[in-house]
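Here the structure is laid out as structure tokens; the discussion comes afterwards.
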């Protein structure tokens with residue numbers, strides 16, 4: 001990834017190949033790309049456990065980049081290799097930059113042998129004869145098992161497996177000690193995809209930006225760790241994405257498109273379409289300046305449209321957060337939801353403990369069986385964050401996370417707490433909340449903060465259609481009890497979204513209701529997509545509100 005959200009490399013992790021190891025043409029291409037904002041990582045989960053490792057990692061304050069950034073002033077969050085755009089970056093310019101970048105790579109990336117457009121591919125025997133000097137001894141045997149060859153990574157510094165190494169020796173030398181594939185820039189994957197750069201990594205494995213030499217498209221290549229439990233979870237992710245894709249042939253529901261999946265050198269590989277920056281990167285590029293309500297509404301409509309589709313398919317995303325919402329490449333303000341690595345069908349739950357901490361629903365923390373309602377909670381947190389600039393519930397630990405919720409929402413109803421298998425973590429035997437001090441000695445007490453203040457809606461504007469209704473909408477998303485929390489269909493009929501007058505819960509239906517987006521701010525080229533323009537950064541330096 002670029003400097004916007006470069007993930008921390010775990011101790012002992014091998015460093016990615018230096019740009020100097022690439023050929024001159026690739027060096028020039030990569031150097032130009034580093035000046036642009038790149039994509040967020042698609043993350044996965046660790047199967048075989050009742051708790052998703054992503055959820056566990058998010059509870060370790062020193063590991064989460066988001067957690068550490070909470071305490072920093074604006075100045076310390078600015079990308080070190082790129083000045084913050086002035087005027088503030090728009091989604092239109094961001095998407096245009098990434099789209100332009102893709103065109104350049106598609107047209108000029110030729111560091112690996114490419115089959116001409118007339119033949120498109122070559123046979124393994126032809127490739128072996130033509131590029132024998134570029135192939136490792138392992139590849140000279142491996143390539144014969146493929147039906148067609150599109151690239152061989154001719155200029156890459158290839159992994160050279162030890163002579164006569166047994167299969168159990170780190171997968172013939174292609175894996176590190178943790179089971180991650182040793183990705184080499186400019187090398188091929190599956191004799192078709194050329195690695196360009198790393199986008200991100202997680203407990204599941206890693207994601208790279210790659211050129212598909214068959215279609216000449218830039219894609220996101222997710223390489224799963226070579227461990228059975230990771231492989232099994234990836235199979236579930238692929239099955240779920242295929243199900244969603246097959247029931248959305250017109251791509252109406254803002255879900256990232258699964259392009260292909262295959263096994264390469266004992267690693268499950270998943271190919272996705274590549275899009276622009278995520279919402280967290282967008283907020284960071286604008287130095288966490290609050291978005292105006294019409295822009296938040298535009299994003300909210302698309303998210304509700306997506307959740308309604310997941311609701312009808314009985315799919316729980318399980319990790320909705322700004323990092324998993326991308327701006328569609330080439331679009332002004334259209335979004336795509338990514339990262340279904342933690343997802344499940346509602347009747348086939350694998351974990352009891354999921355979601356990133358800042359966006360974790362109370363029933364998950366308490367150990368109450370969860371439903372699709374946990375995603376509605378996360379959406380409420382996300383939209384509130386866009387309105388303020390910072391997370392509404394930035395707990396340093398899970399216990400403090402519950403305190404953050406109570407700080408704004410009061411003590412949860414006893415009927416909910418009593419159903420939780422983990423209630424002792426947050427309440428004593430008498431049902432009194434545990435209120436520990438955080439790392440700065442601060443104690444968060446129930447009902448001491450006001451939701452409208454966080455959303456920057458003053459008391460004078462609570463009756464304003466764009467102010468008071470927005471506060472009411474967020475409150476409905478953040479209902480303690482999932483049985484009382486509004487569903488996506490009900491939320492789409494809320495007056496803040498639909499423009500009606502009543503804030504009472506509408507009758508629930510099972511049918512999906514497409515949302516027809518209208519121009520909210522400014523049409524571009526006569527189209528219906530608004531140009532998202534964020535407010536200018538205030539002159540004073542703000543800190544995250546903790």
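Residue numbers (full-length UniProt numbering): 1 to 546.
Cβ atoms here follow ideal geometry from the backbone N, Cα and C, with glycine treated the same way.
As the structure is a computational prediction, the values presented were derived from the model and not from experiment.
Determine the closest residue to residue i out of the options, with distance taken between C-alpha atoms.
| i | options | result |
| --- | --- | --- |
| residue 446 | 401, 151 and 238 | 401 |
| residue 269 | 442, 326, 249 and 259 | 259 |
| residue 242 | 216, 271, 266 and 220 | 271 |
| residue 239 | 340, 408, 189 and 327 | 340 |
| residue 491 | 414, 377 and 393 | 377 |
| residue 337 | 183, 279 and 314 | 279 |
| residue 189 | 156, 122, 478 and 328 | 156 |
| residue 200 | 214, 180, 172 and 215 | 180 |
| residue 264 | 139, 333, 384 and 213 | 139 |
| residue 454 | 391, 195 and 312 | 391 |
| residue 334 | 495, 404, 277 and 473 | 277 |
| residue 289 | 472, 456, 474 and 473 | 456 |
| residue 448 | 421, 149, 404 and 234 | 404 |
| residue 388 | 283, 160, 187 and 150 | 283 |
| residue 327 | 349, 311, 343 and 298 | 298 |
| residue 159 | 185, 147 and 178 | 185 |
| residue 481 | 496, 224, 472 and 369 | 369 |
For residue i, name the three-state secondary structure that DSSP assigns.
| i | result |
| --- | --- |
| residue 260 | strand |
| residue 269 | strand |
| residue 156 | coil |
| residue 362 | helix |
| residue 302 | helix |
| residue 122 | strand |
| residue 380 | helix |
| residue 280 | helix |
| residue 490 | helix |
| residue 369 | coil |
| residue 178 | coil |
| residue 433 | strand |
| residue 457 | coil |
| residue 404 | helix |
| residue 477 | helix |
| residue 188 | strand |
| residue 198 | strand |
| residue 309 | helix |
| residue 443 | coil |
For residue i, count neighbouring C-beta atoms within 10 Å of its own C-beta (all shown protein chains included) and say buried if the count is 16 or more, exposed if not.
| i | result |
| --- | --- |
| residue 192 | buried |
| residue 175 | buried |
| residue 262 | exposed |
| residue 144 | exposed |
| residue 398 | buried |
| residue 132 | exposed |
| residue 213 | buried |
| residue 410 | exposed |
| residue 137 | exposed |
| residue 444 | buried |
| residue 487 | buried |
| residue 485 | buried |
| residue 319 | buried |
| residue 342 | buried |
| residue 147 | exposed |
Just how far apart, CA to CA, sit residue i and residue j?
| i | j | result |
| --- | --- | --- |
| residue 204 | residue 230 | 6 Å |
| residue 330 | residue 218 | 13 Å |
| residue 247 | residue 347 | 19 Å |
| residue 208 | residue 430 | 51 Å |
| residue 275 | residue 227 | 28 Å |
| residue 435 | residue 478 | 21 Å |
| residue 314 | residue 237 | 14 Å |
| residue 150 | residue 170 | 27 Å |
| residue 121 | residue 129 | 14 Å |
| residue 296 | residue 281 | 16 Å |
| residue 111 | residue 127 | Any reading at residue 111 is ruled out, since the residue's pLDDT is 44, under 50, leaving its predicted position unreliable. |
| residue 350 | residue 432 | 31 Å |
| residue 573 | residue 245 | Past the boundaries of the shown model lies residue 573; the chain is included only from 1 to 546, so the question cannot be answered. |
| residue 182 | residue 266 | 12 Å |
| residue 560 | residue 273 | The structure shown has nothing for residue 560, since the chain only spans 1 to 546. |
| residue 36 | residue 379 | Model confidence at residue 36 stands at a pLDDT of 32, short of 50, so the residue's coordinates are unreliable and nothing is read from them. |
Worksheet item: Can we say the segment 245-263 touches the segment 304-324, given the rule of at least three CB pairs closer than 8 Å?
Response: Contact between the segment 245-263 and the segment 304-324 is present, because at least three Cβ pairs lie under 8 Å.
Worksheet entry | Segment contact, 8 Å Cβ cut-off, at least three pairs: the segment 212-227 with the segment 351-362 | Contact between the segment 212-227 and the segment 351-362 is absent, because fewer than three Cβ pairs lie under 8 Å.
Fill in: Contact between the segment 362-374 and the segment 428-440 (3+ Cβ pairs under 8 Å)
Contact annotation: the segment 362-374 does not touch the segment 428-440, with fewer than three C-beta pairs closer than 8 Å.
Worksheet item: Are at least three pairs of beta-carbons, each pair with one atom in the segment 424-438 and one in the segment 314-330, less than 8 Å apart?
Response: No: fewer than three Cβ pairs fall under 8 Å.
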